[in-house]
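Peer 1: Below are the structure tokens for one structure; questions will follow.
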Amino acid sequence: MFQILTFLLALSASSLGLLQNINGEQCTSILTVGYGYKNWYNATDYLPENTSVTGVAMFKFYVQGASDAHIMLASQPYLYGYEIVIGGGSNSFCDIRKFNRNLTSVVTVATGKILDKFIPIGFWIRATQQLGLIEVGKYGENLPFIFWTDPEPTPVKYYSFSSWGTAVCQWMFKCVPDPLAVTSKTMTNTTERTDYTKRFFTYTEQLRRDVLRKRGPYGTDPTTNPQKVLNVVITNNFKFIHLDVMTSTLTLQGISTFEWTDNSINWNPQNYKNISKLHLSNFELWQPELVLHNAIDPAMSMYSESKISVDNNGLVMWRPTFNFKTKCDIDLTMWPWDKHKCNLLLSTWSHKVSNVFYELKDNQKSECLQVSHSDWKLDRVTSFYVEEKTPWDDIIAAISSSEDDPPQTSLQLVVEISRNTKIFDKLFYVPLILISCVWLSSFGVMPNSSSKITTICVSIILSTLIIVYMTKYVPVFSKVSPDLMLGYLKLILLISIDALISALLITVHNRKSTSGHPPFALTRFLTTPIVTKLLILPKLDSTRSLVNDQLDQKLTKTSETIITLWDIVIVAFERIIFIMFLASTMTILLSIKFSVTALF
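According to mature numbering (1 follows the signal peptide of the UniProt record, and there is no 0), the stretch in the sequence shown is residues -24 to -1, 1 to 576, in order.
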């Protein structure tokens, strides 16, 4: 019997159009029950009179019900076009349907509990005929939660409301500002009376209830005011920094602190037992919805869900954690003393970056160095705004009704990091110095000595093994090879040239008895006192202990030989080659741009 009375009441009230006040607006209110579209309304009444937009139908409304709110869009009354279902399937999904002899579903979105049977929820619908775009969004939000582009659009000029089955829905539409600016107390049931519920709440619970009640069920978004820019201060505390040079992947973990002022929140702490700070859930208050455009793992937001702290003056603080990976353009020229600049491109979904000014503090913190095995350290983080196109700019441009909107801007963060080398640099640079010294010391023996050949071979083998081991830390497909790796390659080239020269000198030394004397001018020049002292040449016709020959021939006694002119020529050539190789080796070591303070 009660259901029949409810049905008859809703059926009779659906055509009355009573006036109702909500949120400072005076709206036409009707009730609907069951399925069917009877009353039709003009969809262009909501547009401003001086608007230049043509082919656009837009209207807003409030609906209160448990589920199944239906809206029909049509070019003429009773000539069905598009049907929008909000809270279908027991308030679990939303649907857009097109009428082509029959209603056919074209897009469905799971929205959860989007309707409320106790509180009216505000929505807006916009139909753009030129684009064939149908959008449905919540009141106070810029982006739709469901939309569809019709390749063969139907003009939309009228709309009508309906329900489904026994579901009763109350609709409030054609809202205009209340001239008396008095919010209806019939809908909100906030008649001035003694609040007897305070005895059942703690002071914190009372404060929480009053703050949320003051903001209302449609809390004001501070970014929707185009005449006032919201200033948000960001401070990052990096807990973990790692750059994988093999894949050019930067991993950042830490905590970000966002601070801004919400002018709609304020209270007197004396009324709540001196409570000056309140913690709210993340869905109860607006917070920045920054999205990392160049993230490897795509996500709706780069920050975690965490509670928000607000004080009695409206100062809001939000401290979410972040953990993301992004690609970084690396330069390994100075490896392992390399420094890198990685760019992070941030954009938003819920608001334009131009409505919010994100200010990055200079004193960005990093606790990475507190970990003994951390391989990277933070040098600096800077930020600036850039006009760079993101994938969702096309969506925002499509749903924007103004052609004079400013270009979309994004916030770019530049993270400068450097390698925390510690022992890493000594592992590769010190062997380069030692191998160079051992190889250059081989010039102190005769070229026909087995010790020199052995030293050359060992130096080449060690340098090659170090280069192979170095490829474990440096990608072989890098555009620019590290100076340290090039230093080993150049050293191998010099040692190989020395091996070739030593082989030639050994041939000359073995054939000196049958090749006659060297040119007279050359021997006269080499035997002058100045050249002899400068190149430290042995004296002609003097005896020399063949210690090196003993190693080659494994002699058991000391033999003596006479220093000939060919010996002086060979030794002089060795001294000149030594000076040239010494200068080349020093050039290689200095070209690595290594700092002595970094080594010791």
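Glycine residues also receive a C-beta, built at the ideal position from the N, C-alpha and C atoms. The model shown is predicted, which means the values in this text are computed figures rather than measured ones.
With DSSP as the reference, label CYS433 as helix, strand or coil.
Peer 2: helix
Peer 1: ILE409: which of PHE549, ILE568, ARG551 and PHE94 sits nearest, CA to CA?
Peer 2: ILE568
Peer 1: Quick one: what does DSSP say GLU181 is sitting in, helix, strand or coil?
Peer 2: helix
Peer 1: To the nearest angstrom, report how far apart LEU481 and LEU566 are at their CA atoms.
Peer 2: 30 angstroms
Peer 1: Between which two residues does the alpha helix (DSSP H) containing GLY65 stretch?
Peer 2: 64 to 67
Peer 1: Could you please give me the residues that DSSP links to TYR58 through a beta bridge?
Peer 2: LEU49 and LYS74
Peer 1: Quick check on the DSSP output: the beta strand (DSSP E) that includes LEU226 runs from which residue to which?
Peer 2: 225 to 237
Peer 1: Output the distance between the C-alpha atoms of VAL187 and LEU261, rounded to the nearest integer angstrom.
Peer 2: 11 angstroms
Peer 1: If you run the structure through DSSP and keep just helix, strand and coil, what is ILE409?
Peer 2: helix
Peer 1: Does the Cβ of GLN106 have 16 or more other Cβ atoms within 10 Å, making it buried, or fewer, making it exposed?
Peer 2: GLN106 counts as exposed, since fewer than 16 other beta carbons sit within 10 angstroms of its beta carbon.
Peer 1: Which residue wins for smallest C-alpha separation from LEU469, given the options TYR17, TYR445, SER51 and SER412?
Peer 2: SER412
Peer 1: Around the C-beta of VAL523, are 16 or more other C-beta atoms found within 10 angstroms, so that it is buried, or is it exposed?
Peer 2: Caution applies to VAL523, whose pLDDT of 39 falls short of 50 and renders its modelled position unreliable; the value that the coordinates give is listed next. Result: exposed.
Peer 1: Between which two residues does the beta strand (DSSP E) harbouring LEU387 extend?
Peer 2: 386 to 395
Peer 1: Measuring alpha carbon to alpha carbon, tell me which of TRP352, GLN229, VAL450 and ASN319 ends up nearest MET222.
Peer 2: VAL450
Peer 1: Looking at C-alpha atoms only, which residue of THR440, GLY65, THR483 and ASP307 is the closest neighbour of SER472?
Peer 2: THR440
Peer 1: By the three-class DSSP mapping on this structure, what secondary structure does SER378 have?
Peer 2: With a pLDDT of 49 at SER378, under the threshold of 50, the modelled position of that residue is not reliable, and the figure given next carries that caveat. In this structure, SER378 counts as coil in the three-state DSSP scheme.
Peer 1: Where TYR38 and ASN(-4) are concerned, what is the direct C-alpha to C-alpha distance, given to the nearest angstrom?
Peer 2: 11 angstroms
Peer 1: In the DSSP assignment, find the beta strand (DSSP E) that holds HIS255 and state where it starts and stops.
Peer 2: 253 to 256
Peer 1: Using the DSSP secondary-structure output, state which residues sit across from VAL450 in a beta bridge.
Peer 2: Paired residue(s): none; VAL450 is not in a bridge.
Peer 1: Can you look up ARG551 in the DSSP assignment and give me helix, strand or coil?
Peer 2: helix
Peer 1: Between CYS433 and CYS304, what straight-line distance do the alpha-carbon atoms span, to the nearest angstrom?
Peer 2: Whole-angstrom Cα-Cα distance: 40 angstroms.
Peer 1: Tell me, please, whether the region 208 to 226 touches the region 240 to 249 by the rule of three or more beta-carbon pairs shorter than 8 angstroms.
Peer 2: no
Peer 1: In angstroms, rounded to a whole number, what distance separates the CA positions of SER136 and LYS204?
Peer 2: 36 angstroms
Peer 1: On the DSSP bridge list, what partners appear for THR4?
Peer 2: LEU(-6) and PHE149
Peer 1: On a CA-only basis, which of PRO120, LYS74, LYS455 and SER478 is nearest GLU128? Give me that one, please.
Peer 2: LYS74
Peer 1: Residues in its own chain within less than 7 angstroms of TYR115 by CB, not counting five upstream and five downstream?
Peer 2: Same-chain partners within the cutoff: LYS36, GLY98, PHE99, TRP100 and TYR194.
Peer 1: Return the Cβ separation of TYR361 and LEU322 in integer angstroms, given the expectation that the two are a contact with Cβ distance under 8 angstroms.
Peer 2: About 10 angstroms separates the two Cβ atoms, so there is no contact after all.
Peer 1: Can you tell me whether GLY41 is buried or exposed? The criterion is at least 16 other CB atoms within 10 Å of its CB, across all chains shown.
Peer 2: buried
Peer 1: From the DSSP output, which residues share a beta bridge with LEU266?
Peer 2: THR324
Peer 1: Mind reading off the beta-carbon distance from ASP147 to THR8? Whole number of angstroms is fine, and I expect it under 8 angstroms.
Peer 2: In the sequence on display, residue 147 carries Trp and not Asp. With 8 angstroms as the limit, TRP147 and THR8 qualify as a contact, their Cβ atoms being about 7 angstroms apart.
Peer 1: Using a threshold of 8 angstroms, state whether the C-beta atoms of TYR134 and PRO53 are closer than that.
Peer 2: In this structure, PRO53 lies closer than 8 angstroms to TYR134 by Cβ.
Peer 1: Answer with buried or exposed for GLU181, where buried requires no fewer than 16 other C-beta atoms within 10 angstroms of its C-beta.
Peer 2: By the 10 Å Cβ count, GLU181 comes out exposed.
Peer 1: If VAL391 and LEU308 are in contact, beta carbons under 8 angstroms, what's the gap, nearest whole angstrom?
Peer 2: Wrong, their Cβ atoms sit about 17 angstroms apart, outside the cutoff.
Peer 1: Quick one: is GLY63 buried, meaning 16 or more other Cβ sit within 10 Å of its Cβ, or exposed?
Peer 2: Buried, since its Cβ has 16 or more Cβ neighbours within 10 Å.
Peer 1: Can you look up SER518 in the DSSP assignment and give me helix, strand or coil?
Peer 2: Legend: pLDDT at SER518 = 45, less than 50; position of this residue unreliable, value from coordinates given subsequently. Collapsing the DSSP output to three states places SER518 in coil.
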